[in-house]
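Report on the following structure.
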Amino acid sequence: MNPLAVQIAGLALESPLVLASGVLGTTASSLRRVAQAGAGAVTTKSCSLAARPGHPAPCVLPWPGGLINAVGLSNPGVEAELEELAEYRRTCATPLFVSIFAGSADEFGRLARRVAAAKPDLIEVNVSCPNVESEFGAPFAADPEACGRVTHAVKENAGAVPVSIKLSAQCASLARMAVVCRQNGADALTAINTVGPGMWIDVGTGRPALSNRVGGVSGPAILPIAVRAVYEIRKAVDLPIIGTGGVSCAEDALQLIMAGADAVGVGSGVYAGGVELFGEINRGLAAFLKERGFASLAQVKGLAHREGRP
Amino acid sequence: MNPLAVQIAGLALESPLVLASGVLGTTASSLRRVAQAGAGAVTTKSCSLAARPGHPAPCVLPWPGGLINAVGLSNPGVEAELEELAEYRRTCATPLFVSIFAGSADEFGRLARRVAAAKPDLIEVNVSCPNVESEFGAPFAADPEACGRVTHAVKENAGAVPVSIKLSAQCASLARMAVVCRQNGADALTAINTVGPGMWIDVGTGRPALSNRVGGVSGPAILPIAVRAVYEIRKAVDLPIIGTGGVSCAEDALQLIMAGADAVGVGSGVYAGGVELFGEINRGLAAFLKERGFASLAQVKGLAHREGRP
Amino acid sequence: MNLVLPSHAMRTLPIQQVATHSAELKSFLFEQTFEAEPGQFVMLWIPGLDEKPFSVSDVRDGRIEITAKAVGPFSRALMECRPGERLGVRGPFGRGFRPRGRGLVVGGGMGIAPLRYLVHRLERDRASFRVALGAHTAPELMYAVDFARVGAHFATDDGSVGEKGVVLNLAERLCADQPVDVIYGCGPEPMLVALQQLADRLRIDCQLSLERYMKCGIGVCGSCCVDGSGICICREGPVLDKAELDRVPDFGRPHRDATGQRRS
Amino acid sequence: MNLVLPSHAMRTLPIQQVATHSAELKSFLFEQTFEAEPGQFVMLWIPGLDEKPFSVSDVRDGRIEITAKAVGPFSRALMECRPGERLGVRGPFGRGFRPRGRGLVVGGGMGIAPLRYLVHRLERDRASFRVALGAHTAPELMYAVDFARVGAHFATDDGSVGEKGVVLNLAERLCADQPVDVIYGCGPEPMLVALQQLADRLRIDCQLSLERYMKCGIGVCGSCCVDGSGICICREGPVLDKAELDRVPDFGRPHRDATGQRRS
Ligand SMILES: Cc1cc2nc3c(=O)[nH]c(=O)nc-3n(C[C@H](O)[C@H](O)[C@H](O)COP(=O)(O)OP(=O)(O)OC[C@H]3O[C@@H](n4cnc5c(N)ncnc54)[C@H](O)[C@@H]3O)c2cc1C
Ligand SMILES: Cc1cc2nc3c(=O)[nH]c(=O)nc-3n(C[C@H](O)[C@H](O)[C@H](O)COP(=O)(O)OP(=O)(O)OC[C@H]3O[C@@H](n4cnc5c(N)ncnc54)[C@H](O)[C@@H]3O)c2cc1C
Ligand SMILES: Cc1cc2nc3c(=O)[nH]c(=O)nc-3n(C[C@H](O)[C@H](O)[C@H](O)COP(=O)(O)O)c2cc1C
Ligand SMILES: Cc1cc2nc3c(=O)[nH]c(=O)nc-3n(C[C@H](O)[C@H](O)[C@H](O)COP(=O)(O)O)c2cc1C
Ligand code: FES
Ligand code: FES
C-alpha cells in the first residue's frame, strides 16, 4: 500500500501534495508537468467568467521570506480554462481542482455551474484573494455571512462535484468561518491564501516594488500562520482540510498534517525548489513515516491536538 | 547636525531606532545597555498592575523566519517596573518609553496614572498582544470602539506624558483604527505588534513547540506586513508613527521610513544581530543618506506615497 | 529560510551610460552587481510603469548592458531614460547558451543583442565560431563594428550592409563551407524555426533563444510555459537545445498573451 | 533571511541512553547533532511540561550528554525519562570556557557536570591543569572514577571521598603548591564568589560559570540580564572572566526570578 495515499472529499490522492492555485496553473501542459513531478492533485489558477489581464509587472517578487504577489487574478476566462481542463483530462489522470472566483455570490453560482459541467474533481472557491479589494471590496473570507452565501451558491450549482472553500487567515474567527462553510455544504476547506497584504519598498527609489503597491505574502514566512490556521479549523470542524502556506520541505508539510490537514498545498515553494520539489517532499514524507514507524499519513494527522505529555 | 535625529510627539531622538517592547526591556541595566548601543529611545517590556510570571518555556523560539513568542506578558508589576525606571533615569539620558497593558479601559487608566507620575518620556499602550486572548478576550486592537475607549482612558490619566497606541496588523481597517486613536487624543502610533498568532509544531513529537501552543510571529518574516501597515496608517492620519516589525538592517528601516514611519522599532533583530545591531543600522542609515545626497531622514520619510514616475 | 537569490529580489540601479544606436535602439549600462551568462536575461523595471524581460547584451569592465528596441509603451519609455535614472535590474534569470564545439552564431533583428555577449565569451574562450547577422536595414545592425572585428557576415534586406537578402541563406552557405557542430540562434521565431530545420537537415544541434510572455521571470506564474511539455521558458529557457525544442509543439506557432489566452 | 541558527530552532531527539548516578542524579545521552564547547548549555524541553537550561556535560563518540539533578518539578520529571523518549535539545547556547595557560578546575555540587567536558577537552589539548571537586556526599561526585583518572582532588563534607571539608580549601592549597594562570569554576554562587576573591588575591584570572533565570536562551527576553552592565548571561555567559565579573554587581547577591522581580 502507498503510505502517502490520502482521501479527501471522496477523492483518492496518491500523494497529499496539491499544487496550490496560481502557481504554474495556467495551462494543461504546466499542470500536467506538476502532476508528473509528483503532485497528488493540481489546482488551476483561479478563473473568472471573463478574461482578465491582471496587474502590470512587477506582480510576483521574491523577497527573503518567500514571495509577494499581486498578479491581479489574470486568467483567460472560464471558457478558455475549460479547454485547458479538457486537454489536461485527455493526457493526465491526476485529479484536477479548478479554482474559481467572482464578485458576487450569484456570479460565483453561475461560474460554478459552468465549471461543474466540465467535471473537474473538485471546485476550489477562492473567496480570499487580497489583491482585488479595490474592485470587489473586502474579501468574502473576512465575513462569515458573505462567505456562507457564496458557499451556498456554489454548492447549489456544483452538482456532484465536491467543493472546497479557500479561506484566509485574516478573519476574526477561522473557527466560525469554518462552521459557516460546513453549514452551507462545503465538502472541504483550503487554508490559507496569501497573508497580509504586504508591501515591499525598493529603497533605491522609495517606490513600492509591486505595480499594485501591495500584494499577498506567501512562502516560508507564512508557515506558522498556516499551521495555526489549520489547527484552529481542525478544532472547529471535521471537514477535510487542504493545508496550504509556506511549505518547502517534508517537515513543513508534516507540521500542517500534524495540525490537522488531510492534504497539503504547495505554491511558492516551486520558486526555490522547482517542480522537482513535489518528488522531494514525497520522498521526505515516506522516509519520515518509515523512520518513525508510521504505516500511513493518517497516523500522523492531527497529532498536535493531543493533550498532556506525549 | 545629526542627520539621524528625529522628532516624535515633541521628543527629540538622536536616532530613529527605538528598542521595541518585550526585548531586553526588563531591567534598567539591559535598557541602558541598548541605549548605549545606539537606540534613540528604549521601550520597557509591557507591565501590568500586578506581577505576572508568564507562560512556561518554551516561550520564545527562533524559526527560520524570525521568532515566535508567547512570553505571556511576564513582568514584575508596575511598582517594580517604576523602580527600574527610576534607576534608568539616574544613569541614562536616552528617552524611555514605558509600555503598559491591562484588561479593561478603566484598568488601563489607573495604570497610566501611576506610570505618568514617574514621568517617562512616552507611554506606549499595548492593546495588541495576541498571546493573552484566553485571559482578556480578543485584543482591543481588533476593535476600534474598544481601542478608542482605552486611548481615551489613558490620555485622561497620562497628564503631559505623550501616549502612543500600539496597533496590530490584524484588524479590519488600520486606517479606521488610526483615526479613532487620533480622535481620542493619541499622540503617536506604534505599528505593528507581532503577527498571527502562529504555531510551530515539532515534527519529532507532533507537539506545538510553544507551551502556549500559539505565539506572536516577529522578525524578518513580518517586514512586508509592517511596511504595509505603516503605509496605510500614514495615508489615514498625520500622527507620528513608530514603525515596527521585522527590521534587521538599514534597508529594512528605510522601507518603514519610506512607508511613512517617523521612528523605527527594533525587537527580534536583536536575536541575530545582538545589541550591536543598533549601531550597525545607524551607520547604515547615515551611509545611505550620504550616498544618496539626503540631508536628513525627514527627506526620506513617506517617499513611497508619491504618485507617478519618480 | 533564505530561499531567494538576493539578485532576484527587487533592487534598482542608476543607469551609468546610454549608448544610442538610433532613436529607437539603445543600450543601457549598469554597474554589474551579479554574474550573468550569455543568453540569460534580466527583468527591467521602470518604476511607476512596468517591468519587462531583456537579454543581457554584454558584461564587461564591471558593467552589465542591455539593448532595447522601441516597439511599444514600455520600450518607448525606456528610450527616454537618462543616465542617473534608477531602474530595477533583477536577475540573471533563466539558462543561457552552453557553448561547445564549432559554432555558428545566427542573429536576426533584436536577436543580435544577446549574441554580442555570446561572441565576446566565445572569443575569450578561444572557441571556434563564425557569425551571421541579418536585419532589415543598416541602423538595426547595432555594434556592427564590434561584430565585424570577429569577421561576422551580414545580410540586410536592402543590401546596405553585407549582402542583400535574409540571414538564413547566409547561414546555410556558411554551414556548407565548413563543418558546424551547433547553431546558436536568436531572433524572430520564424527565423528560429528555419534554423532548427537547417540543423535537422545537417544533423547538428542548435541552441535557440525563445521569447514568451513573461510576468514573473522566476518560474512561478506560468505565463511563459510552452504547450506540450510545459517547459518554463523563463527558468529552463530562454535558450533551448534541439532535444528541448522537440518538446515545444507551439514553437513557431501562436502562443499566449498576458491573460494566458492563445493569440494568433 | 535565515537569521536563525538551525540548532536554535526547536527539534527533539530520542534519549539514547540514561546513566544513573543516583535516583536524583542522572546523565542523558543524545545523538550529537551540533558542536558544543565546554561550558555551553542547551535548552532541554520535556514536551507538555517546560524547558530548562542544562550544561553540556560531555560530547564524545557522536553523542552529547547532559547531567541533571532533581531539585524541582522539571528535573524530577526528567529523572523519569527513559531511553527512546524524545526531548527537545536546542543549542548550544552561550559562551563556554576559553582555556589558556595552567588551569585549576574547581567544581562544587552540580557544577561538576560541565567540568567533566572541560577536563576531557583539556586532556585532548594536552593542557596543563589540575582539578579540585567538592560535594556534600560521595554519591554527588558523579563520574568520580573518570575524574580520578586525571588525578582530581576531592573534598566531601563527611570525608567519605577525598578530604573532609570544602573544595575551597583544596583549591587554595593547590594554588599555593604550584603556579596557576586561571581558575575555571562552576558550582554554587557563594563558591564562585570565593573563587573570584582567591583569583584576586593571587592576581590571576578566573572563568566562572554563572546561572541566572533563563527563558529564551537567545538573548531576547532579558530575564537573565545581570544588573549594572546588563550582560546577558545566556548569550555572553554563562562563563564570564574576571573583567566581565567586575561588571556584575549582583554577583553573589540576590537576583531575579521568572517575573523579573529580585528575590533574596
Ligand atoms: C527572454 C526575453 C529576452 C528579451 N530580450 C530583449 C532584448 O534584449 N531587447 C529587446 O528590445 N527586447 C527583448 N525582449 C522583448 C521585450 O521584452 C519586449 O520588446 C518588451 O517587453 C516590449 O514591451 P513594450 O511595452 O515596449 O511593447 P508592447 O506593445 O507591450 O509589446 C510588444 C511585443 O513585445 C512582446 N512583449 C510585451 N510584453 C512582454 C513580456 N512581458 N514578456 C515577453 N514579451 C513581451 C510581445 O511580443 C509583444 O507583442 C525579450 C523578451 C524575452 C521574453
Ligand atoms: C546556564 C545554566 C546551566 C545549568 N546547568 C545545569 C546542569 O548541568 N545540571 C543541572 O542539574 N542543572 C543545571 N542548571 C540548573 C537547572 O536549569 C535547574 O536546576 C532547573 O531549571 C530546575 O528546574 P526545576 O523545575 O526542576 O526546579 P524549580 O523548583 O523550578 O527551580 C529550582 C531552582 O532551579 C533554578 N531554576 C529554575 N528554573 C530555571 C530557569 N528557567 N533558568 C535558570 N535556573 C532555573 C532556580 O535557581 C530555582 O530556584 C543550569 C542552569 C543554568 C542557568
Ligand atoms: C504568484 C501567486 C499567485 C497566486 N494566485 C492565486 C489564485 O489565483 N487563486 C488562489 O486561490 N490563490 C492564489 N495564490 C495563493 C496560493 O494558492 C497559496 O494559497 C498561497 O501562496 C500560500 O501558499 P504557498 O506559501 O505555498 O505559496 C497565489 C500565490 C502566488 C504566490
Ligand atoms: C520575545 C518578545 C516579547 C515581546 N513582548 C512584547 C510586550 O511585552 N509588549 C509589546 O507591546 N510588544 C511585545 N513584543 C512585540 C514587539 O515589541 C514588536 O512589536 C514585534 O516583535 C515586531 O517587531 P520585531 O519584528 O522587530 O520583533 C514582543 C516581541 C518579542 C519577540
Ligand atoms: S514568467 Fe512566470 S513562470 Fe515564466
Ligand atoms: S534567557 Fe532570555 S535573554 Fe537570556
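Chains as they are written, first to last, in the working numbering: chain A, 1139 to 1448; chain B, 1139 to 1448; chain C, 41 to 304; chain D, 41 to 304. Virtual Cβ for every residue (Gly too), placed ideally from N, Cα, C.
Check, Outcome
"Test item, CB below 5 Å from any non-hydrogen atom of ligand 1", "Phe-81(C), Lys-92(C), Pro-93(C), Phe-94(C), Ser-95(C), Ala-108(C), Lys-109(C), Val-111(C), Gly-112(C), Pro-113(C), Phe-114(C), Ser-115(C), Met-150(C), Ala-153(C), Glu-251(C), Tyr-253(C), Met-254(C) and Pro-278(C)"
"Runs of alpha helix (DSSP H) wholly within the segment 125-180 of chain C (minimum 4 residues, chain order)", "152-164"
"Entirely enclosed beta strand (DSSP E) segments - the segment 62-131 of chain D, minimum 3 residues", "65-71, 81-86, 90-100 and 103-109"
"Val-279(C) burial status per 10 Å Cβ neighbour count (16 or more: buried)", "buried"
"Near ligand 2: Asp-290(D) beta-carbon under 8 Å from a heavy atom", "no"
"Buried or exposed (CB count within 10 angstroms, at least 16 for buried), Gln-80(C)", "buried"
"Entirely enclosed beta strand (DSSP E) segments - the segment 183-246 of chain C, minimum 3 residues", "193-196 and 222-226"
"Under 9 Å by beta carbon: chain B residues contacting Ala-49(D)", "Leu-1199, Pro-1200, Trp-1201, Pro-1202, Trp-1338 and Ala-1347"
"Residue from Asp-281(C), Thr-60(C), Ser-200(C) and Gly-225(C) with nearest C-alpha to Leu-208(C)", "Gly-225(C)"
"Within chain B, partners of Thr-52(D) - CB distance below 7 Å", "Asp-1340, Gly-1342 and Thr-1343"
"Pair within 9 Å by beta-carbon distance, Ser-1184(B) and Gly-1160(B)", "yes"
"Segments assigned beta strand (DSSP E), at least 3 residues, entirely inside the segment 1332-1397 of chain A", "1333-1337, 1352-1356 and 1379-1382"
"Ala-1401(B) to Pro-1358(B) span [Cα, whole Å]", "18 Å"
"Closer than 8 Å: Ser-1356(B) CB and nearest ligand 6 heavy atom", "no"
"Residue span of the beta strand (DSSP E) that contains Gln-1145(B), given as start and end", "1144-1146"
"Close-in-space but distant-in-sequence residues of the same chain around Val-1408(A) (CB under 7 Å, 5 per side omitted)", "Val-1161, Leu-1162 and Leu-1415"
"Beta bridge counterpart(s) of Gly-1179(B) as assigned by DSSP", "It should be noted that the sequence gives Ala, not Gly, for residue 1179(B). For Ala-1179(B), which the question treats as bridged, DSSP gives the partners Val-1156(B)."
"Neighbourhood of Glu-1271(A) by C-beta distance below 6 Å, restricted to the same chain and skipping five residues each side", "The predicted model places Glu-1271(A) with a pLDDT of 46, which falls under 50 and marks its position as unreliable, so this point remains unresolved."
"The segment 1297-1304 of chain B touching the segment 1342-1361 of chain B, judged by at least three CB pairs closer than 8 Å", "no"
"Presumed contact (8 Å Cβ cut-off) between Leu-1234(B) and Val-1180(B), rounded CB distance", "6 Å"
"Min CB distance Ser-269(C) to chain A below 9 Å", "yes"
"C-beta contact flag for Val-1341(A) and Glu-1152(B) at 9 Å", "no"
"Buried or exposed (CB count within 10 angstroms, at least 16 for buried), His-176(C)", "exposed"
"Buried versus exposed, by CB contacts within 10 Å (16 or more), Asn-1140(B)", "exposed"
"Cβ-heavy atom distance, Ala-1410(B) to ligand 8, below 8 Å", "Of the ligands this structure carries, namely ligand 1, ligand 2, ligand 3, ligand 4, ligand 5 and ligand 6, none is ligand 8."
"Any C-beta of chain B under 9 Å from that of Phe-1449(A)", "In the structure as shown, chain A starts at 1139 and stops at 1448, and residue 1449(A) therefore has no counterpart that could be examined."
"Distance cut-off 8 Å: Ala-1280(B) Cβ against heavy atoms of ligand 4", "no"
"Pair within 9 Å by beta-carbon distance, Gly-270(C) and Val-1236(A)", "no"
"is_contact[Asp-90(D), chain B] using C-beta, thresh 9 Å", "yes"
"Separation of Arg-156(C) from His-193(C), as counted between CA atoms", "14 Å"
"Sufficient close CB pairs (3 or more, under 8 Å) joining the segment 1194-1205 of chain B to the segment 243-251 of chain D", "no"
"Selected residue, minimal CA-CA separation from Glu-163(D), among Gly-149(D), Gly-143(D) and Ala-178(D)", "Gly-143(D)"
"Sub-9 Å separation of Gly-131(C) and Ala-188(C) beta-carbons", "no"
"Contact between the segment 1318-1327 of chain A and the segment 1364-1378 of chain A (3+ Cβ pairs under 8 Å)", "yes"
"Heavy atom of ligand 2 within 8 Å of Ala-211(D) beta-carbon", "no"
"Chain-ordered residues of the segment 1375-1395 of chain B with a beta carbon less than 7 Å from chain F", "Here chain F cannot be found, since the structure's protein chains are A, B, C and D."
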